[in-house]
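A quick write-up on the structure given underneath.
2 protein chains.
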Amino acid sequence: MATRRNFLVATATSLTGAALSQVRGQEVPKEEEDRSADDLHRVMMGNETIAMLIYDRFTALDLFGPHHFLRSMMGAKVHLVAKTLEPVKSDLGVLVTPTTTLADCPKDLTILFVPGGTEGTLAAAKDEEIRRFIADRGSRAKWVTSVCTGAIVLGAAGLLMGYNVTTHWLAMGALQSFGANPVKERVVIDRNRITGAGVTAGLDFALTLVSKLRNDAYAQGVQLMSEYDPRPPFHAGSPDSAPKGLTEMLRHMQGPFENAAKALGKDLAKDGMR
Amino acid sequence: MATRRNFLVATATSLTGAALSQVRGQEVPKEEEDRSADDLHRVMMGNETIAMLIYDRFTALDLFGPHHFLRSMMGAKVHLVAKTLEPVKSDLGVLVTPTTTLADCPKDLTILFVPGGTEGTLAAAKDEEIRRFIADRGSRAKWVTSVCTGAIVLGAAGLLMGYNVTTHWLAMGALQSFGANPVKERVVIDRNRITGAGVTAGLDFALTLVSKLRNDAYAQGVQLMSEYDPRPPFHAGSPDSAPKGLTEMLRHMQGPFENAAKALGKDLAKDGMR
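Line order of the protein sequences matches chains A and B. Heads up, the first sequence is in our numbering, so the first residue is 36 and it goes up one at a time. Heads up, the second sequence is in our numbering, so the first residue is 36 and it goes up one at a time.
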């Protein structure tokens with residue numbers, strides 16, 4: 036029986052092959068088709084090395100949206116990286132087992148990814164061992180990425196200075212204290228930084244990333260297999276569309292988090308530790 | 036510092052209080068406001084008992100979308116239920132630790148939930164111990180629910196006979212062999228059965244469920260906190276919108292899964308085990 040990965044392999048191969056003939060509007064010479072098949076095999080198989088950080092009280096959905104799409108890429112190696120190999124508890128209480136440690140994580144990454152959270156994220160951003168890891172791997176990674184408040188961990192490691200960045204709408208005000216330029220978009224790409232907005236933006240973020248790592252057809256295959264054709268029952272997913280009272284209430288309640296994140300950014304800058 | 040849950044508590048309280056004054060267009064008498072506050076406290080706190088099945092090779096995103104929204108409901112108890120307490124490996128290799136066993140899971144549930152997968156889901160649907168558990172808890176649960184091919188496990192336990200049901204678009208053809216009426220919608224509600232389509236439909240499914248268990252304001256609060264304002268970079272999330280070649284390819288490749296699911300439904304019916 037075919038597995039999820041096998042579907043996507045077949046998809047990427049056939050689609051791209053078919054696309055080649057279609058674009059040309061004529062038969063493709065055998066020799067060229069073979070060469071193209073080689074190219075396509077490369078596109079299809081990939082060999083990305085992806086490290087996804089997990090830490091005490093991270094938000095599980097920030098991780099599992101992107102993980103689903105990235106891990107579906109044939110040939111990609113995805114590591115769940117934490118300080119130790121002990122199961123890590125998410126902010127909503129789920130225990131997830133890391134696959135490697137900060138120390139053992141491959142040195143050269145295609146993607147460095149950090150999910151968000153609230154108090155746990157600030158703790159991770161303050162943690163020197165985590166900050167050193169992120170700064171080191173981020174200095175060489177092909178793509179340095181985050182979803183939600185994971186951006187604060189990147190910022191604390193000094194990786195967002197002068198970059199356009201997005202984060203959870205309730206944390207946007209903290210980005211400047213890490214030297215970043217806040218941009219109110221679902222997914223923001225600036226050179227090799229790709230950041231997603233809050234929690235569920237991880238789905239849009241990851242499909243964008245798959246299309247960059249492979250191609251649009253591959254990303255569409257992943258999207259169709261996960262039936263990502265969203266139909267939210269309410270239009271309350273952004274501060275612009277939600278009832279005004281709801282937005283203001285959450286903004287008021289979340290103030291302390293944003294302020295703590297701002298203070299962290301300033302402290303790190305002052306101490307030259309960012 | 037306020038936690039995610041605290042925000043939502045505050046949201047539900049204030050919003051509903053404000054709404055009461057707003058609808059009346061006049062000040063609410065103190066006595067009535069107090070009574071209403073008591074009602075609201077009930078709505079806000081809740082006491083749902085939710086069991087989410089996990090099994091070898093389940094699809095993690097099928098679980099973690101709904102888990103995020105349901106676990107955000109103040110006062111709800113969410114159990115991750117498996118045959119043993121050993122970590123369970125998802126179809127993409129993530130180890131998740133259950134919180135209770137089939138034997139120890141509470142007998143009376145507000146929600147019974149089953150995530151999908153491919154080979155692992157068929158194995159779970161064939162497993163007598165799992166089938167007995169689902170049939171038993173499902174016979175008393177207030178809501179019997181699934182996302183993606185989790186519907187096949189419900190069907191194998193005899194819980195979908197005569198119900199309108201949805202599942203992953205690639206498995207729709209198997210529903211009839213479990214006595215269900217396939218309905219091509221993102222979320223299908225028929226009496227106390229609520230089923231979601233493939234993988235990411237779990238987000239729309241769970242917001243719908245939150246609005247039923249609490250109220251629309253609460254669901255909107257959860258939606259805004261998770262910034263669920265989807266912007267897929269491609270329009271390929273359903274067989275109707277995806278490139279035709281892609282849809283046909285996946286349908287062809289996935290044929291064996293659908294056929295195996297159909298055969299299982301027929302076998303169980305023949306043996307009177309459903």
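C-beta atoms are modelled at their ideal positions from N, C-alpha and C, and glycine is treated no differently.
If we call anything under 8 Å between Cβ atoms a contact, is residue i one with residue j?
| i | j | result |
| --- | --- | --- |
| R92/B | G155/B | yes |
| C140/A | H102/A | no |
| H270/B | G233/B | no |
| V245/A | P217/A | no |
| L96/B | G100/A | yes |
| E293/A | G208/A | yes |
| T230/B | P265/A | no |
| L195/B | I169/B | no |
| T136/A | V116/A | yes |
| A192/A | I146/A | no |
| V129/A | Y90/A | no |
| L242/B | Q255/A | no |
| M109/A | M80/A | yes |
| A296/A | I187/A | yes |
Give the DSSP bridge partners of residue i, in chain order.
| i | result |
| --- | --- |
| F93/B | G152/B |
| I224/A | I229/A |
| H103/B | Looking at the DSSP assignment, H103/B forms no beta bridge with any residue, so it has no partner. |
| P122/A | P122/A pairs with nothing; no bridge assigned. |
| T136/A | A117/A |
| P217/A | V200/A |
| L147/B | A86/B and V179/B |
| V131/A | V123/A and V131/B |
Identify the continuous alpha helix (DSSP H) that holds residue i and give its terminal residues.
| i | result |
| --- | --- |
| R266/A | No alpha helix (DSSP H) contains R266/A, which DSSP labels as neither H nor E. |
| G231/B | Run containing G231/B: none in the alpha helix (DSSP H); it sits in the beta strand (DSSP E), R228 to G231. |
| T180/B | Not the alpha helix (DSSP H): T180/B falls in the beta strand (DSSP E), residues W178 to V182. |
| A298/B | K279 to K305 |
| V257/A | D251 to M260 |
| D171/B | E163 to R175 |
| L238/A | A236 to L248 |
| L189/A | G185 to A191 |
How long is the line joining the alpha carbons of residue i and residue j, rounded to whole angstroms?
| i | j | result |
| --- | --- | --- |
| N227/B | I165/A | 46 Å |
| V58/A | Q258/B | Residue confidence is low: V58/A scores 35 on pLDDT, short of 50, so the model does not pin down where it sits. Its coordinate-derived value is still stated next. In a straight line, the C-alpha of V58/A is about 42 Å away from that of Q258/B. |
| D251/B | T134/A | 39 Å |
| R167/A | K305/A | 17 Å |
| Y253/A | L285/B | 12 Å |
| I224/A | K118/B | 44 Å |
| P278/B | F240/A | 21 Å |
| N82/B | A111/B | 5 Å |
| E283/A | G290/A | 10 Å |
| A54/B | G300/B | Interpretation of A54/B is limited by its pLDDT of 42, a score under 50 that renders its predicted location unreliable; no figure is taken from the coordinates. |
| A215/B | P267/A | 25 Å |
| G197/A | L205/B | 45 Å |
| D302/B | M260/A | 27 Å |
| K219/A | V179/A | 19 Å |
| G307/A | Q211/A | 16 Å |
| C183/B | F104/B | 17 Å |
| T153/B | H287/B | 15 Å |
| G151/A | K247/B | 28 Å |
| K142/A | D171/A | 8 Å |
| P274/B | L238/B | 19 Å |
| R221/B | A159/A | 37 Å |
| E163/B | G272/B | 34 Å |
| T94/B | T94/A | 18 Å |
| S276/A | S276/B | 25 Å |
| R249/A | A138/B | 45 Å |
| K161/B | K161/A | 48 Å |
Quick one: measure Cβ to Cβ for residue i and residue j, integer angstroms, because I've assumed they're closer than 8 Å.
| i | j | result |
| --- | --- | --- |
| I85/B | L157/B | Not confirmed; about 25 Å, so no contact. |
| F213/B | G190/B | 3 Å |
| S181/B | V149/B | 4 Å |
| L127/A | R106/B | 4 Å |
Specify, as a first and last residue, the run of the beta strand (DSSP E) that residue i falls within.
| i | result |
| --- | --- |
| T84/A | T84 to L88 |
| V113/A | K112 to A117 |
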